[in-house]
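To start, the structure itself, in structure tokens.
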Amino acid sequence: MASSSSSTDSKSKASSQTSIEPALTATEASGSYLWEVEDETQVSHFLGADNGKRLKSLPFSIGKLQWLLEAFPNGDRKDNTGSFMVYLTLIQLPTDWQRVTFLLRLFNAETCSSFTGIATYTKTSNSGGWSDGTLMLDDLKRSISTSTNKISLGCKINILQLVGTDENETKLYQYPMKTEYINIMKSKTPIFNIKWVIDEKLLEKFKTANIGKKFESDIFYESWSLRCAPNGKRQNDKNNIKLYLLLCALPPNIVHCKVKYTLSCDEANVQWVNTRDFSYIYPNVGWPNGTMETQQLKGPDGKYKDLKQLTFRAKIEIIKLYDTDLMSSDDDSDEDDDDDDDDD
């Protein structure tokens, strides 16, 4: 594995930054919060909300920062009425912190809805959330009627980088990768293998998923995750089972990496192979329409086959790491392929 470097000046900057006392410890930089709505009156306010109605959680602290969750149970615009929208808002940044880049996972426990993404917040751009269709209000109503009368909205945050306000944009904190990841990266050809098994219970939710509904795997090796939209992410994806590879972290001082990846499903006997550049700006990629369709899981009668599980896999080969945001001249990623970048 080769590594492309920038100029001597940027090398010196990176070297000088390593001597700075980090603004956070790794333990302080990550955490989770669960917003549980159990009071019958409050649950009714959520389920009966008008379009544009906003509800807020209590503030909570992760990474020496104050955050809150905001929910629009019936959409925050006329054109997404019926879509239960959830946002994470940063209340305030310290005066000497210019921006914070972090891995975010938003989820609803009752419906297994989930969204994972990498975001950068500043003093003026401090809120973001999942896309339309990730959770539909009607889906939540059905789930609550068959379980407990409770709404559970949560988030997990892992701060990846803090940048200061000084003219050198000093990195005040960078996420330190752990031993398992480091050991794999030391090999001549670093390869990460991921296996995600969809059990029978979750598979039933796959079969009734609306367009835009997403499910996600655990995070593997601190750095990669998988996402599935069983009925497509957008209207033109309908009846396509979309699988995505998500970048969750890069090593310190690395801004992007060139990766050869293979996405596959055992039961459907399909796979997609490509080479692509991943960064915190472009962290996700999915296989194209036609790779796997819902019809492949159905019998001649149009009903779903009696599957007990689905098995998705990803093989991720790290070809090159870059410590500059300029692409190398030998990058041969195919810009004309049919990959569907997940730009939620």
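With this note's numbering, letter number 175 in the sequence shown gets 175, and the count goes up by one each step, no holes.
The beta-carbon is built from N, C-alpha and C at its ideal position, and this holds for glycine as well.
message: Under 8 Å: do the stretch 226-239 and the stretch 198-217 share three or more Cβ pairs, one atom per stretch?
response: yes
query: Which class does PHE60 belong to by DSSP, given the choice of helix, strand or coil?
result: strand
query: In terms of DSSP beta bridges, what is LEU153 paired with?
result: TRP35 and ASN108
query: For the candidate residues SER44, GLY286, VAL285 and MET185, whose alpha-carbon lies nearest to that of LEU250?
result: MET185
- request: Just confirm the distance between the C-beta atoms of THR122 and ARG99, as a whole number of angstroms; I'd bet it's less than 8 Å.
  value: 5 Å
- request: Please confirm whether ILE194 and PHE220 have their CB atoms less than 8 Å apart.
  value: yes
- request: For ALA229, name the three-state secondary structure that DSSP assigns.
  value: strand
message: With a threshold of 8 Å, are at least 3 pairs of Cβ atoms found where one atom belongs to the stretch 236-253 and the other to the stretch 281-291?
response: yes
- prompt: Got a sec? Which residues, its chain only, sit under 8 Å from ARG54 by beta carbon, not counting five neighbours each side?
  reply: GLU70, ALA71, PHE72 and ASP76
field: Unbroken stretches of the beta strand (DSSP E), 3 residues or longer, contained in the stretch 86-143
entry: 97-108, 113-122 and 127-129
field: Pick from PHE102, PHE46 and THR95 that is closest to ALA26, judged by C-alpha positions
entry: PHE102
- prompt: Terminal residues of the continuous alpha helix (DSSP H) containing GLU222?
  reply: First-last for GLU222: undefined, no H or E at that position.
Close-in-space but distant-in-sequence residues of the same chain around MET136 (CB under 7 Å, 5 per side omitted): GLY82, SER83, PHE84 and ASN210
message: Starting from GLN42, trace the alpha helix (DSSP H) in both directions and tell me its first and last residue.
response: 40-47
query: What residues match up with GLN66 in a beta bridge as DSSP calls it?
result: SER61 and GLN92
message: If you measure between the beta carbons of GLN309 and GLU200, is that distance less than 8 Å?
response: yes
field: Cα-Cα separation, ILE20 to VAL273
entry: 41 Å
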